[in-house]
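Chains as they are written, first to last, in numbering that gives the first Met the number 0: chain S, 0 to 501; chain A, 0 to 153.
Glycine included, each C-beta is placed from N, C-alpha and C at the ideal position.
Everything numeric in this text was worked out from a predicted model, so none of it was measured.
Notes to accompany the following structure.
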Amino acid sequence: MIDQFLMGLSVVMQPEILIYAFAGVFIGQLIGVLPGIGAITAISLLLPVTFYLDATTSMIMLAGIYYGSQYGGSIASILLNLPGTPSSVVTCLEGYPIARDGRAGMALFVAAFSSFVGGMIGVAILVLAAIPMTSIALRFGAPEYAMLVVLGLLAASLVGTGSQLRSFAMVLVGIALGLVGADATTGYYRFVAMPELADGISLVSLAMGLFGVSEIIRNASNRTRTMTNISVTMRDIIPTRTEARSLLGPILRGSTIGSFFGALPGTGAAIASFMAYATEKRVSRTPEKFGTGHLPGLSAPESANNAASQTGFIPTLTLGIPGDAVMALIIGALILNGIIPGPRLMVDQPLLFWGVIASFFVGNVILLLINIPLIRLWVLLLRIPYQKLYPVIIVMICVGVYSHRTSVTDVVLTLAFGIIGYLMKSYRFEPAPVLLGFVLGPLLEDNFRRTMLIYRGDFAIFIERPISAVLFACTVALIGFSIFSTIKTYRRNVQTRGAHER
Amino acid sequence: MQTQDQARTSIVHRATSGAVLLFIGLGMLAIGWDYPIGRLTQMGPGFIPRAIAVMICVIAVAIIIVDIADAGMDKAGGIQWRGLIFVSAAMLIFAVLVDLAGLVPAMFLAVVVSMLADKAASPATILLYAVLATGAGWLLFLVTLELPIPAFWR
């Protein structure tokens, strides 16, 4: 494997290919910052260019856009609370509070560094374990997926500062929103109040509304919210030694979780980032700090979603199964060049296969190198008074949401979700679990229905199949743990309140 | 202690959020009542919606009970009406104008209206800033990214 990787590296190190790799990650990152206009716009913009390039070079550039836009997405999440993808929702939870504390530079640095390590570990796993990972991914049938989603949704209800009951309610509301539109199995229209909703609610308008718009409503008329002492010296960007040491565990755990979930076609990166966050909250000795700008809660999901976006290429390259719309475009570009991705790709096109994988390695290094100087520039953005910034953000959200499906209804829905998100926060409901419920709900319904159909309504199948049994055990452990900790905090609250009244 | 008593809220107020959730769950049940349910081994499109609606109702009742029992709950903060109204107006104006008049007028008016949320902004600043922001938006979205949105009415 290592020999082949080095061969791939020699492909990438040609100056011409390096330039396209650089162009890919750089453009991907810049466009990833714009909310709602993510990798898909960037790729469709550069797709015509690939007609003049050979397959390897165009793959390297398009893949660069894909993981470069992941980086860009975290920048918008940290600075402006605008998650462009479900996997950067968790980044908002910790990154945005840190930025509001005036330490945006440090948050960006930690995010970039965690992403870099996560991406590297993802590449390493891609090199060393692409084939075993493929065989595990192939064993994921309907029961495994259903169990995995249940686990992910429970993990989502651990996200946030509020009570788990409230978070779980929000997961359910998210699933309910995901039901809107045509049923995937029968085509039956559900909850379609107006014809524009037949395709379902757009993820972009839900995310932009609940996070971005609600935050603008909260702050627009609030003159006190200005950031004054934002420092951009190198010393303030780099975390202190103790902070850096506290990040080692989260980054390693996040990367492992991300690498594993990324290899599953579908919503790997989103589940991975939520799972990584929930894991950190569980193992942390100070879980109450999460949600207030706690660094481990930023670095673990960041490394997880970048590791996942690398291992996400495992099913794409080895099975020809695109994990999401962006991967489908990348596969499309391959097919345009007369190459069919699938199990034979590694054998028939070793230079392309290993060249692309080696380009991930080089691309991540490039991203880290261009990111650190850019941090100062991004932070300067926050020096602009919020009163000047928010009208531009509103326009960016409107254009992004509108251009996503060319739908005016989506813009109005975004506003509706913004108002709902604003009210939710006043009543201590977290928006993040809604989003994961929305993303995973259709997957749960589809796979649960299929399981019940194939195994004739036998629930025992979930513990009879080995992978599903492991996931089931994790789920039970998670439920047990949350009941235990709820009782513990309840007792503590009763005690302190009792002491207070006496 | 006086201030703390004032911060405490009435039972009705405390039950509001759970009640809204219960209303959502019941509404889902009512709307989805006619959807075919099917059987467990052959689920129809109505099966999962009804299951989720029932779960929402159960959780909503639990939240109402917990909230009513928790007498020390803080009152929800006041609503930022100014921000809410002008941000809403700006986005609605954008939504109406983008198809009718094109992207440039829509962006311009969205910036102008949303800036009204800030009490201290003078008309001259708003106008100048809206022109600048619209120009930048035109350069970014239409010239650089070539988004397929008409700049002006056709």
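**Prompt:** Alpha carbon to alpha carbon, how far is ILE174 (chain S) from LEU5 (chain S)?
**Reply:** About 45 Å.
**Prompt:** Are the stretch 433 to 446 of chain S and the stretch 175 to 193 of chain S touching, with three or more C-beta to C-beta distances below 8 Å?
**Reply:** Yes: at least three Cβ pairs fall under 8 Å.
**Asked** Taking the alpha carbon of TYR66 (chain S) as the point to measure from, which residue in S:ASN304, S:MET345 and S:SER258 has its own alpha carbon closest?
**Response** Looking at S:ASN304, S:MET345 and S:SER258, the one whose alpha-carbon comes closest to that of TYR66 (chain S) is S:ASN304.
**Item:** Cβ-based contacts, 9 Å cut-off: residues of the stretch 443 to 455 of chain S near chain A
**Value:** Of all residues in the stretch 443 to 455 of chain S, LEU443, GLU444, PHE447, ARG448, MET451, LEU452, TYR454 and ARG455 have a Cβ within less than 9 Å of some Cβ in chain A.
**Prompt:** Where does GLN13 (chain S) sit, in a helix, a strand or coil, going by DSSP?
**Reply:** It is coil, neither helix nor strand.
**Request:** List in chain order: all unbroken beta strand (DSSP E) runs of 3+ residues lying wholly within the stretch 44 to 124 of chain S.
**Result:** List check, beta strand (DSSP E) in window: nothing returned.
**Request:** Taking a Cβ distance cut-off of 8 Å, strictly less, list which residues of the stretch 177 to 207 of chain S are near chain A, in chain order.
**Result:** So the close ones are LEU178, ASP182, THR184, THR185, TYR187, ARG189 and PHE190.
**Message:** Suppose only complete runs of 4+ residues qualify. What are the alpha helix (DSSP H) ranges in the stretch 267 to 353 of chain S, listed by chain order?
**Reply:** Within the stretch 267 to 353 of chain S, the complete alpha helix (DSSP H) segments at least 4 residues long are 267 to 282, 294 to 310, 324 to 335 and 344 to 347, listed from N- to C-terminus.
**Request:** Report yes or no: do the stretch 30 to 40 of chain S and the stretch 333 to 347 of chain S share at least 3 C-beta pairs separated by less than 8 Å?
**Result:** A contact is defined here as three or more CB-CB pairs under 8 Å, and the stretch 30 to 40 of chain S fails this definition with respect to the stretch 333 to 347 of chain S.
**Request:** Spell out whether any CB of chain A is found under 8 Å from the CB atom of CYS397 (chain S).
**Result:** Taking Cβ atoms only, chain A reaches closer than 8 Å to CYS397 (chain S), which makes this a yes.
**Message:** Considering only DSSP beta bridges, list what ALA181 (chain S) is partnered with.
**Reply:** Among the bridge pairs identified by DSSP, ALA181 (chain S) is matched with S:TYR188.
**Message:** Please classify LYS280 (chain S) as buried or exposed, where buried requires at least 16 neighbouring CB atoms within 10 angstroms.
**Reply:** Taking all protein chains in view, the Cβ of LYS280 (chain S) is crowded by 16 or more other Cβ atoms within 10 Å, so the residue is classified as buried.
**Message:** What does DSSP give as the partner residue(s) for MET42 (chain A) in the beta ladder?
**Reply:** Residue pairing by DSSP puts MET42 (chain A) in a beta bridge opposite A:GLY37.
**Request:** Return the chain-ordered ranges of every beta strand (DSSP E) run that is complete within the stretch 447 to 496 of chain S and spans a minimum of 3 residues.
**Result:** With a minimum length of 3 residues, there is no unbroken run of beta strand (DSSP E) contained wholly in the stretch 447 to 496 of chain S.
**Message:** Please classify VAL505 (chain S) as buried or exposed, where buried requires at least 16 neighbouring CB atoms within 10 angstroms.
**Reply:** Given that chain S is displayed from residue 0 to residue 501, the structure contains no residue 505 (chain S) and the question cannot be resolved.
**Prompt:** Where do the N-terminal and C-terminal ends of the alpha helix (DSSP H) with ALA14 (chain A) fall, by residue?
**Reply:** Unbroken alpha helix (DSSP H) run through ALA14 (chain A): 10 to 30.
**Message:** Suppose you measure from the CA of LEU209 (chain S) to the CA of VAL10 (chain S); what does that come to, to the nearest Å?
**Reply:** One Cα belongs to LEU209 (chain S), the other to VAL10 (chain S), and the distance between them is close to 44 Å.
**Item:** Within chain S, the residues that PHE93 (chain A) reaches when beta carbons sit closer than 7 Å
**Value:** At a beta-carbon threshold of 7 Å, the residues of chain S lying near PHE93 (chain A) are CYS397 and VAL410, ordered along the chain.
**Request:** Mind listing the chain S neighbours of ALA100 (chain A)? Cutoff is C-beta to C-beta under 8 Å, in chain order.
**Result:** Neighbours of ALA100 (chain A) on chain S: none; closest Cβ ~12 Å, over 8 Å.
**Request:** Check whether the stretch 97 to 115 of chain A touches the stretch 128 to 142 of chain A, taking contact to mean three or more Cβ pairs, one atom from each stretch, closer than 8 Å.
**Result:** The count of Cβ pairs closer than 8 Å, one atom from the stretch 97 to 115 of chain A and one from the stretch 128 to 142 of chain A, reaches three, so the stretches are in contact.
**Prompt:** Checking contacts by CB at 8 Å: is GLY167 (chain S) closer than that to chain A?
**Reply:** For clarity, residue 167 (chain S) is Phe in the given sequence; the question names Gly instead. At least one beta carbon of chain A lies nearer than 8 Å to the beta carbon of PHE167 (chain S).
**Item:** Cutoff 8 Å: PRO142 (chain S) Cβ touching any chain A Cβ
**Value:** Interface annotation, PRO142 (chain S): not in contact with chain A, CB-CB separation never under 8 Å.
**Collapsed DSSP secondary structure at GLN28 (chain S) in the structure displayed** = The DSSP-derived three-state label of GLN28 (chain S) is helix.
**Asked** What first and last residue would you give for the alpha helix (DSSP H) that runs through ARG252 (chain S)?
**Response** Looking at the DSSP string, the run of the alpha helix (DSSP H) that includes ARG252 (chain S) is 240 to 261.
**Asked** Going along chain A, which residues have a C-beta under 7 Å from PRO390 (chain S)?
**Response** Taking a Cβ-Cβ threshold of 7 Å, the residues of chain A close to PRO390 (chain S) are VAL110, SER113, MET114 and ALA132, in chain order.
**Prompt:** Does the beta-carbon of GLY77 (chain A) have 16 or more other beta-carbons within 10 angstroms, so that it is buried, or is it exposed?
**Reply:** Classification of GLY77 (chain A): exposed, given that the 10 Å Cβ count is below 16.
**Prompt:** What number of angstroms, rounded off, separates the C-alpha of PHE140 (chain A) from the C-alpha of LEU33 (chain S)?
**Reply:** If you take the alpha carbons of PHE140 (chain A) and LEU33 (chain S), they lie about 10 Å apart.
**Request:** Evaluate the contact criterion for the stretch 446 to 458 of chain S versus the stretch 132 to 147 of chain S: three or more CB pairs, one atom per stretch, below 8 Å.
**Result:** Between the stretch 446 to 458 of chain S and the stretch 132 to 147 of chain S, the count of C-beta pairs closer than 8 Å reaches three or more; the two stretches touch.
**Prompt:** Just to confirm, does ILE1 (chain S) get its C-beta within under 7 Å of one of the non-hydrogen atoms of the ligand ADP?
**Reply:** Only the bare structure without any ligand can be found here, which leaves the ligand ADP out of the picture.
**Asked** Relative to the alpha-carbon of ALA206 (chain S), which residue among S:ILE320, S:LEU45 and S:GLY399 has its alpha-carbon at the smallest distance?
**Response** Looking from the CA of ALA206 (chain S), the closest CA among S:ILE320, S:LEU45 and S:GLY399 belongs to S:GLY399.
**Request:** Check the C-beta distance from PRO390 (chain S) over to ALA132 (chain A) and give it rounded, since I have them as a contact under 8 Å.
**Result:** Sure, about 6 Å apart at Cβ, within 8 Å.
**Item:** Delimiting residues of the alpha helix (DSSP H) encompassing LEU131 (chain A)
**Value:** Start and end: 122 to 136.
**Message:** I'd like to know whether the C-beta atoms of PHE139 (chain S) and LEU61 (chain S) end up nearer to each other than 8 Å.
**Reply:** With respect to LEU61 (chain S), PHE139 (chain S) sits apart: the two C-beta atoms are not nearer than 8 Å.
**Asked** Thinking C-alpha only, which one of S:MET58, S:GLY72 and S:LEU366 is nearest ILE36 (chain S)?
**Response** That would be S:GLY72, whose Cα lies nearest to the Cα of ILE36 (chain S).
**Asked** Using a Cβ cut-off of 8 Å, which residues of the stretch 375 to 390 of chain S contact any Cβ in chain A, in chain order?
**Response** So the close ones are GLN386, LYS387, TYR389 and PRO390.
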